[in-house]
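Residue numbers (this note's numbering), protein chains in the order written: chain L, 8 to 226; chain X, 8 to 226; chain W, 2 to 213; chain D, 2 to 213.
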Amino acid sequence: MSATICDSAAEAVAGIEDGSTILVGGFGMAGMPVELVDALIEQGAKDLTVVSNNAGNGDTGLAALLAKGRVRKMVCSFPRQSDSWVFDGLYRAGKIELDLVPQGNLAERMRAAGAGIGAFFCPTGAGTSLAEGKEVREIDGRTYVLEYPIRGDVALIGAHVSDRMGNLVYRKTARNFGPVMATAAKLVIAQVSEVVDTGRLDPEAIVTPSIYVDRVVAV
Amino acid sequence: MSATICDSAAEAVAGIEDGSTILVGGFGMAGMPVELVDALIEQGAKDLTVVSNNAGNGDTGLAALLAKGRVRKMVCSFPRQSDSWVFDGLYRAGKIELDLVPQGNLAERMRAAGAGIGAFFCPTGAGTSLAEGKEVREIDGRTYVLEYPIRGDVALIGAHVSDRMGNLVYRKTARNFGPVMATAAKLVIAQVSEVVDTGRLDPEAIVTPSIYVDRVVAV
Amino acid sequence: MSLDKHAMAELIANDIPRGAYVNLGIGQPTLVADHLPADSGVVLHTENGMLNMGPAATGDQIDPDLMNAGKIPVTELPGSSYFHHADSFAMMRGGHLDVCVLGAFQVSAAGDLANWHTGEPEAIPAVGGAMDLAIGAKSVFVMMTLFAKDGSAKLVEKCSYPLTGVGCVDRVYTDHATFLITPDGVVVRETFGISFDELAARVPVKLLAPAR
Amino acid sequence: MSLDKHAMAELIANDIPRGAYVNLGIGQPTLVADHLPADSGVVLHTENGMLNMGPAATGDQIDPDLMNAGKIPVTELPGSSYFHHADSFAMMRGGHLDVCVLGAFQVSAAGDLANWHTGEPEAIPAVGGAMDLAIGAKSVFVMMTLFAKDGSAKLVEKCSYPLTGVGCVDRVYTDHATFLITPDGVVVRETFGISFDELAARVPVKLLAPAR
């Protein structure tokens, strides 16, 4: 179905259930759907698993969601940053679970979820502690680790412009995880700077086709 | 290295060796690198394996390459078309080998080659004769077939515009296999309608970044 | 009276939910596009890399770079987008299309589909995107005549032709009846110019009467 | 005299082939960019989705949507392109980058790399793209000081820190020497302010003298 253009971030995140797995876009603050995360905090869903490259910066956005105790588990590549004190505290206190995934595997495992791939043999991390317990296979003389899809119940992403159908374009390196997460979740919610009339975006330059997008809100 | 802008299709295909695996872009005639295929016929490489969605139309292009007896094996999804008499004749005469691959597996297996994936479990074709002899695994209640990468020694693709570095954009459904093949071959040769100065293409709309492109020729 | 292909296409078109993302297979299924209501909001996908495909191109509209999966020149609608083949088939395989309408040689009672190869030894095999389409969409509709030229039913207990996909078909639209493939068996949703009993006598599959 | 980090960066910059596609890891390796000749044609990749990244942004150039993998604001050069994370890491993992320059805690004689985790139990683990970078590029260069603060060599027989990648390092640039990891063993390419014998005495790895 074509995307629903929402009037508010609150409307956009309505109905997210406790226990959901939420994919949250962004690399640092670029592409981070700040207003959607704030709305999710207001909305109140808890016992969440959050999949995102980082584990929150400062005291706002994802960090604020963590601080409220809403997140049971973080799946990410790089939780430790200079301003990740919220995650650091919860982790050291044993109040949050961490599933550490190499950044490319995070992206490729979500891509697999979106592309209907059941599992894939990946060379990244072979022979390291992050591959411990995983199936390993030698193919053409190289060692590969079997990796499974990461699926979301919900994806919250930040894009640049949407048309009224939900076709999305991004801006510079804020593109990062958004297009992949949009393929990997059942309910995809995008915040954008602007919603334009359908037909205004160049069909050759659309990065996320509307088929992947359920709700859009301009913030 | 940045792409070499060639003066002629002959220069662009120079050095292709006998026995090579050649990925040839296009879906029907859209995106088909006709001038490069013609130059390859002139160049004379033989005993080729050609990977392309179709197996040639009419008497020109890929069909002409087949007619010259240069192709040992076709890897494709749809060889039988109303005007595929050249392939049909060779196949019925036992003069060409056929590896029939479902269209999406053709694309995904080349994508795997370009993305450094060793193999992947794919649901397409499970339980059919095209999966016979292949490794099968049930994952989360669904049956998947293990598929391996398809790599090319050379890719011949048709794009729309290149800049002088080799960044490529395509046009409408002529995009098809080009971007995937560009990632999957050691030597990637693109024919385009126009070469423009670097900086003229919108960085947000480039489909094939220059890193994948070795030679470009305007035809 | 049994349905002709246009009536079948209209029936299918009316069963496609508003705003659905749909792939119409090569051949008769493309007729479905002609019967979609103007305000249906249905978005057509073509596996050669496009969403929101418009009607067939005519005259000056014909552009050799813009064709559908059957290699017929088509047009684009506002909101269309282009993507490469790996992305296009990821979209299909990943279950993002709502409905796919395909032709068939045979469909089995368990929803197995045979539509790519007659299995004749002299035939040149060609599969295209058939296997990818069969397993990809949320709902797979088959559009076919119920009986082959020799009078045998194409809805069968077990396909004799090589399979395209296993257990993938949800509904079968034919000229004589519409069938739902359910976990409980094959349900006849409606018949056209034939009684349920007559149908049951001619189709070698246990048929369940429509739910009332 | 041993090299400071700028001299090491210059040495590496001069070893990068003209026109190469290069990823410079977070930290000291980013210094390499400052020493590339203006006409080098080297194209920088940043794993957060960009090719042909320009120098760090200053003043009005700063754009919150344009940063490198270290989350430092950067600029774009003519011919730059953007792509999403799966495509960016496919580019790395698929072996399309010519050179990647990484920092390290330790490198083993067999080219194993340890650069992501000190293994201390209280440390919060964070890997980022380190493992993807380690196994992806055609050539992996390490840039590090040869000795840790406690005086122990960071070029070791076997890494004691958790591994980032196995057998992935090709060259090790340090303040005291440049080492080539070869199938025959560790070759000292050149030394800086230290003799080969002194180096061999301080590094617990069998070192081969440079080829003459």
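C-beta atoms are modelled at their ideal positions from N, C-alpha and C, and glycine is treated no differently.
is_contact[residue 61/X, chain D] using C-beta, thresh 7 Å: no
Please determine if the segment 173 to 189 of chain D and the segment 146 to 156 of chain L are in contact, where contact requires at least 3 C-beta pairs separated by less than 8 Å. Verdict: no, contact absent.
Going by Cα to Cα distance, which pick from 60/L, 33/L and 124/L is closest to residue 112/X? Measuring C-alpha to C-alpha distances from residue 112/X to each of 60/L, 33/L and 124/L identifies 124/L as the nearest.
Measure from the C-beta of residue 36/W to each C-beta in chain B and report whether the shortest distance is under 7 Å. In the displayed structure, chain B is absent; the protein chains listed are L, X, W and D.
Residues that DSSP places opposite residue 29/X in a beta bridge: 57/X and 161/X
In whole angstroms, what is the alpha-carbon distance linking residue 142/L and residue 41/X? 45 Å
Within the segment 188 to 214 of chain L, ranges of the beta strand (DSSP E) (whole runs, at least 3 residues): List check, beta strand (DSSP E) in window: 192 to 199 and 201 to 203.
Got a sec? Which residues, its chain only, sit under 6 Å from residue 118/X by beta carbon, not counting five neighbours each side? 187
How should residue 2/W be labelled, buried or exposed, when 16 other C-beta atoms within 10 angstroms of its C-beta is the threshold for buried? By the beta-carbon neighbour count (other beta carbons within 10 angstroms, threshold 16), residue 2/W is exposed.
Contacting residues, own chain, Cβ-Cβ under 6 Å from residue 33/D (five flanking each side not counted): 10, 13, 14, 25 and 102
Across which residues does DSSP place residue 172/D in a beta bridge pair? 142/D and 181/D
Tell me which residues of the segment 55 to 79 of chain W have at least one Cβ-Cβ distance to chain X shorter than 9 Å, keeping chain order. 64, 65, 66, 67, 68, 69, 70, 72, 75 and 77
Taking the alpha-carbon positions, what's the residue 195/L to residue 199/W distance? One alpha carbon belongs to residue 195/L, the other to residue 199/W, and they sit about 48 Å apart.
Any contact of the segment 63 to 74 of chain X with the segment 199 to 219 of chain X, i.e. 3+ C-beta pairs under 8 Å? Contact between the segment 63 to 74 of chain X and the segment 199 to 219 of chain X is absent, because fewer than three Cβ pairs lie under 8 Å.
Please tell me whether, using a cut-off of 6 Å, the distance from the CB of residue 47/L to the nearest non-hydrogen atom of the ligand ADP is below it. Questions concerning the ligand ADP fall outside what the structure shown contains, since it holds no ligand whatsoever.
Residue ranges of each alpha helix (DSSP H) run of no fewer than 4 residues wholly in the segment 68 to 150 of chain D, ordered along the chain? 86 to 94 and 131 to 137
Chain D contact residues for residue 86/L, given Cβ-Cβ distances below 7 Å: 125 and 127
Would you call the CB atoms of residue 31/W and residue 55/W closer than 7 Å? no
Residue 137/D: which of 130/L, 150/L and 14/L sits nearest, CA to CA? 130/L
Taking three-plus beta-carbon pairs below 8 Å as touching, is the segment 163 to 179 of chain X in contact with the segment 211 to 221 of chain X? yes
Does any residue of chain X bring its CB to less than 7 Å from the CB of residue 50/W? Answer yes: the Cβ-Cβ gap between residue 50/W and chain X drops below 7 Å somewhere.
Beta strand (DSSP E) segment containing residue 46/D, residue limits: 44 to 47
In the structure shown, what three-state DSSP assignment does residue 180/X receive? helix
Going by C-alpha distance, which of 203/D, 170/D, 6/D and 206/D is nearest residue 100/D? 170/D
Endpoints, alpha helix (DSSP H) assigned at residue 203/W: DSSP places residue 203/W inside the alpha helix (DSSP H), whose first and last residues are 197 to 203.
Quick check on residue 53/W: does DSSP put it in helix, strand or coil? strand
Any chance the segment 88 to 100 of chain L sits against the segment 91 to 99 of chain X, with 3 or more Cβ pairs inside 8 Å? no
With 7 Å as the threshold, decide whether the Cβ of residue 182/L is near any Cβ in chain D. yes
Near-chain X residues of the segment 163 to 176 of chain L (beta-carbon distance less than 8 Å), N- to C-terminal order: 176
Determine the chain L residues that contact residue 97/W at a beta-carbon separation under 7 Å, and present them in chain order. The contacting residues are 218 and 219.
Kindly give me the distance between the Cβ atoms of residue 179/X and residue 174/W, rounded to whole angstroms, as I take these residues to be in contact under 8 Å. So it is not a contact: roughly 31 Å between Cβ atoms.
Tell me residue 127/X's beta-bridge partners as DSSP assigns them. 127/L and 154/X
Residues from the segment 7 to 25 of chain W in contact with chain L, defined by Cβ distance under 9 Å: For the segment 7 to 25 of chain W, the beta-carbon criterion of a distance under 9 Å to any beta-carbon of chain L is satisfied by 18, 19, 20, 21 and 22.
Spatial distance of residue 291/L from residue 39/L (CA atoms): Not covered by the structure: residue 291/L. The range shown for chain L is 8 to 226.
List the residues of chain D whose Cβ lies closer than 7 Å to the Cβ of residue 36/L, in chain order. 65
The alpha helix (DSSP H) with residue 158/W in it runs from where to where? Here residue 158/W belongs to no alpha helix (DSSP H), and DSSP marks it neither H nor E.
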